[in-house]
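Q:
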Amino acid sequence: MKAVVMTAAGDPSVLQLQERPLPELQSDTEILVRLKAAGINPIDTKIRQRGTFYPDQRPAILGLDGAGVVEAVGAGVREFHIGDEVYFCNGGLGGHPGTYAEYATVEERFLAHKPKTLSFAEAAALPLVAITAWEALFDRSRLGAGQRVLIQAGSGGVGHIAIQLAKQAGAIVCTTVSTAEKATFVEKLGADEVIRYTLDDPIVRVMNWTDGVGVDVSFDTVGKQVLSQCFASTRYYGDVVTLLAPSPDTVWKVARDRNLRFSFELMLTPMLQNLAAAQMAQVGILRQCAQWVDQQQLTVHLAQTFPLEQAAEAHRQLEAGGFVGKLALTME
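Mind the numbering: the sequence shown is residues 0 to 331 in numbering that gives the first Met the number 0, read in order.
Here it is, written out as structure tokens:
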């Protein structure tokens with residue numbers, strides 16, 4: 000099969016298209032998926048830059064998100080059959096091979112049926128960001144109906160899904176964007192208040208919007224000074240959740256003075272720590288999201304697709320930024 004292999008840590012040029020052996024089923028409950036598309040996420044570029052989580056296992060095939068068709072099943076597989084369309088988030092951290100390839104093996108319990116109304120590329124763009132946004136809003140910060148939430152970078156991969164999930168829960172959404180085009184995009188997703196951070200101070204705008212109280216929940220998808228911004232925008236005894244490690248200049252005093260509940264969201268934890276039950280819970284999120292997609296209550300925005308052999312260029316585009324939504328690789 001063809002696969003994009005990370006030959007060393009470094010710039011996008013370390014991603015090389017190679018011929019690799021077709022993966023074989025290693026257990027009765029494994030499934031061979033003929034991949035049609037792979038989602039591209041910032042974690043992919045970070046692993047490529049600094050090295051994988053398993054440096055003794057090289058070369059590596061990156062890519063956590065995938066969508067495709069079941070090609071073969073182990074004798075113990077019960078829920079899936081040859082020809083089923085599936086999507087998933089699994090592998091790609093340097094241990095189990097990822098989705099930048101024509102085929103991948105996945106344990107049955109980590110697969111979900113693909114949303115029927117999405118293309119394979121759209122479906123492959125959804126898993127990691129949907130799980131991340133869901134866990135951040137509902138598991139970490141316990142967002143509920145009627146609450147006000149600030150979602151930083153609402154036009155990004157995680158952000159644009161988070162807006163929709165928050166609205167699905169009945170929350171009132173404020174979000175930040177950089178341009179008028181992105182403002183229009185998030186308004187169409189249902190954002191109630193949109194802040195152009197290039198024009199206005201988000202803290203001032205949030206406080207004006209909430210009559211000086213602050214939001215119930217702030218979701219930081221950016222890091223650095225944005226986390227301190229979230230602390231200052233959140234009400235006393237509110238919740239702040241971040242996807243990034245705090246920078247040294249984070250203003251923790253504000254968080255302490257406001258008695259904020261602070262959480263990290265790292266959706267990779269179940270895979271990195273072999274927490275099968277937690278990873279199965281993430282599959283439950285994918286099943287629910289698939290239902291909402293097919294009921295037209297959730298959508299994923301795909302900015303651009305690249306053929307598999309252009310994975311390096313896709314990484315360059317992701318690192319350059321400026322686009323709306325997600326990028327994906329396609330195998331056909």
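The beta carbon of each residue, even a glycine, is placed where N, CA and C say it ideally should be.
None of these values were measured; they are calculated from a predicted model.
Distance check for D238 and F261, CA to CA, integer angstroms please.
A: Looking at the two C-alpha atoms, the distance is approximately 6 Å.
Q: Where DSSP assigns a beta bridge to P306, which residues make up the other side?
A: T329.
Q: Taking the runs of the beta strand (DSSP E) that are 3 residues or longer, which of them lie wholly in the segment 210 to 267?
A: For the segment 210 to 267, whole beta strand (DSSP E) runs of length 3 or above, ordered along the chain, are 214 to 219, 233 to 241, 260 to 263.
Q: Does the segment 32 to 41 come close enough to the segment 110 to 124 that 3 or more CB-CB pairs lie under 8 Å?
A: Judged by Cβ distances under 8 Å, the segment 110 to 124 makes contact with the segment 32 to 41, as three or more pairs qualify.
Q: In the DSSP output, which residue or residues are listed as bridge partners for C336?
A: Look at the range of the chain in this structure, 0 to 331, and you will see that residue 336 is not part of it.
Q: Note down, in chain order, each residue of its chain lying with its Cβ closer than 8 Å to the Cβ of R315, except the 5 sequence neighbours on either side.
A: Once the five neighbours on either side are set aside, the close Cβ partners of R315 are P11.
Q: Since V85 is in the beta strand (DSSP E), which residue starts that stretch and which ends it?
A: That run of the beta strand (DSSP E) goes 84 to 88.
Q: Return the bridge partner residues of R77 from the DSSP annotation.
A: Paired residues: none, contrary to the question.
Q: Output the boundary residues of the alpha helix (DSSP H) element that contains D43.
A: Counting along the chain, the alpha helix (DSSP H) containing D43 begins and ends at 41 to 49.
Q: Where do the N-terminal and C-terminal ends of the alpha helix (DSSP H) with Q278 fall, by residue?
A: Counting along the chain, the alpha helix (DSSP H) containing Q278 begins and ends at 275 to 293.
Q: Can you tell me whether K113 is buried or exposed? The criterion is at least 16 other CB atoms within 10 Å of its CB, across all chains shown.
A: By the neighbour-count rule (16 or more Cβ atoms within 10 Å), K113 is buried.
Q: Would you tell me roughly how many angstroms separate the C-alpha atoms of V72 and E84, rounded to the nearest one?
A: Using only the alpha carbons, I get a separation of about 13 Å.
Q: Using the beta-carbon count (16 or more within 10 Å), is M279 buried or exposed?
A: By the neighbour-count rule (16 or more Cβ atoms within 10 Å), M279 is not buried but exposed.
Q: Leaving out five residues on either side along the sequence, give the residues of the same chain with a beta carbon under 6 Å from the beta carbon of R139.
A: Excluding positions up to five away in sequence, the list reads V240, S262, E264.
Q: Buried or exposed: where does G321 fall if 16 or more other Cβ atoms within 10 Å of its Cβ makes it buried?
A: Classification of G321: exposed, given that the 10 Å Cβ count is below 16.
Q: Expressed to the nearest angstrom, what Euclidean distance is found between the alpha-carbon atoms of T249 and Y86?
A: Straight-line Cα distance between these residues: approximately 37 Å.
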